[in-house]
C-alpha cells in the first residue's frame, strides 16, 4: 500500500487566495483526520470523518475553512480566503476503526504571504 | 487544563542511557494510547501503542500505562543518536478523536 497520499507537498500563496489541500487515505480505512501543526500550537485536530461523513469539525478555526470527503478515497481541505496566520503544515491521516492507530501522510507545507 | 500534557523538553541523555518520556491526560474515558516519533521536517510515525494497564515492550521501547493516574510513559533503552526526535503522546477516546500532546524533544548525545 502506498500509504496516505497528500498533495501538494508545498504551497505558497498570497493572502486572500483560495487554497485546496488534497488527501487520499489508505484503501479500506474508514476514518480520516485533518491536522494542522505549528510551533506554537503543536498538532491540532481540525476535523475528522467516519465513512465519508464529518463527525467532529469543532477544531476548524473559522468559516474560512471547509473540508469534504466525497468518497472513501478522497478528501479536501479548503481555505478561502487564506491569511498569513494559516501558514502551517497540514497533515491528513487515516485509520481502520475507531480506536486503531493513525497513519499520516507526508503533509502539506502551506505558506501564505 | 490541556487534554494531553507533555514536558516540551528538550530532554538530553547520553548515548546508551535510558530516556523516559511522560504524558498525562484528562479524559478518563480514553481507551487507546499512542506514542509517535517525529523527526524534524517529517510526519509523525507510530512507534508504540497500548490499550491496557501495565507495560508493553517492543525492542528497546517500553510503553507504560496507568489509567487510575491517567499517566502514560515511554522508556527508550540503550538510547542512540538516531532516537533524537520529538515524541508525541496521543490519546483516543470513545469518540475516535486522537488528541496529541505538544511533544517532548529528545536529544541523545554521542
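Chains as they are written, first to last, in my numbering: chain A, 169 to 281; chain B, 32 to 141.
Just so you know, even glycine gets a beta-carbon here, dropped at the ideal spot from N, CA and C.
Small disclaimer: the values here were computed from a predicted structure and weren't measured.
Short CB-CB distance (under 8 Å) between residue i and chain A
| i | result |
| --- | --- |
| residue 92 (chain B) | no |
| residue 41 (chain B) | no |
| residue 126 (chain B) | yes |
| residue 74 (chain B) | yes |
| residue 129 (chain B) | yes |
| residue 134 (chain B) | yes |
| residue 77 (chain B) | yes |
Residues sharing a beta bridge with residue i, DSSP
| i | result |
| --- | --- |
| residue 70 (chain B) | DSSP lists no partner for residue 70 (chain B). |
| residue 247 (chain A) | A:187 and A:233 |
| residue 52 (chain B) | B:105 |
| residue 256 (chain A) | A:278 |
| residue 44 (chain B) | B:139 |
| residue 174 (chain A) | A:191 |
| residue 261 (chain A) | A:201 and A:272 |
| residue 181 (chain A) | A:280 |
| residue 63 (chain B) | B:123 |
| residue 239 (chain A) | A:242 |
| residue 76 (chain B) | B:68 |
8 Å Cβ cutoff, residue i in contact with chain B
| i | result |
| --- | --- |
| residue 133 (chain A) | Residue numbering for chain A in the displayed model covers 169 to 281; residue 133 (chain A) lies beyond these limits and cannot be assessed. |
| residue 275 (chain A) | yes |
| residue 266 (chain A) | yes |
| residue 270 (chain A) | yes |
| residue 210 (chain A) | yes |
Cβ-heavy atom distance, residue i to the ligand PLP, below 7 Å
| i | result |
| --- | --- |
| residue 251 (chain A) | As presented, the structure is devoid of all ligands, the ligand PLP included, so that no description of it is given. |
| request: Please specify which runs of the beta strand (DSSP E), each continuous and at least 3 residues long, are wholly inside the stretch 78 to 123 of chain B, giving them in chain order. | output: Unbroken beta strand (DSSP E) stretches of 3 residues or longer found wholly inside the stretch 78 to 123 of chain B: 85 to 89, 92 to 97, 102 to 107 and 116 to 123, given in chain order.
| said: Check whether the stretch 82 to 102 of chain B and the stretch 191 to 203 of chain A touch, using three or more Cβ-Cβ pairs below 8 Å as the test. | reply: In this structure the stretch 82 to 102 of chain B does not touch the stretch 191 to 203 of chain A; the number of beta carbon pairs closer than 8 Å is below three.
| field | Near-chain B residues of the stretch 231 to 260 of chain A (beta-carbon distance less than 8 Å), N- to C-terminal order | value | When C-beta distances to chain B are compared with 8 Å, the residues of the stretch 231 to 260 of chain A below that value are 259, in chain order.
| query | Just checking, does the stretch 186 to 194 of chain A make contact with the stretch 254 to 269 of chain A on the three C-beta pairs under 8 Å criterion? | reply | Because the criterion of three Cβ pairs below 8 Å is met, the stretch 186 to 194 of chain A and the stretch 254 to 269 of chain A touch.
| task | Would you be able to state if there are at least three C-beta pairs under 8 Å between the stretch 65 to 74 of chain B and the stretch 114 to 122 of chain B? | result | Contact between the stretch 114 to 122 of chain B and the stretch 65 to 74 of chain B is present, because at least three Cβ pairs lie under 8 Å.
| beta strand (DSSP E) segments (min. 3 residues) lying fully within the stretch 191 to 229 of chain A | Runs of the beta strand (DSSP E) inside the stretch 191 to 229 of chain A: 199 to 206, 210 to 218 and 221 to 224.
| task | Return the residues of the stretch 102 to 123 of chain B that lie within a Cβ-Cβ distance of less than 7 Å from chain A, sorted by chain order. | result | Residues are counted here when their Cβ sits less than 7 Å from a Cβ of chain A; for the stretch 102 to 123 of chain B these are 119 and 123, given in chain order.
| Using 8 Å as the threshold, is the stretch 213 to 227 of chain A in touch with the stretch 34 to 53 of chain B, meaning 3 or more CB pairs across them? | Result no; under three Cβ-Cβ pairs closer than 8 Å.
| Members of the stretch 212 to 223 of chain A that neighbour chain B once the beta carbon cut-off is set at 9 Å | For the stretch 212 to 223 of chain A, the set of residues with a beta-carbon nearer than 9 Å to any beta-carbon of chain B comprises 212, 213, 216, 218 and 223, in chain order.
| query | For the stretch 80 to 91 of chain B against the stretch 270 to 281 of chain A, are there 3 or more C-beta pairs whose distance is under 8 Å? | reply | By the Cβ test, the stretch 80 to 91 of chain B is not in contact with the stretch 270 to 281 of chain A, since fewer than three Cβ pairs between them sit closer than 8 Å.
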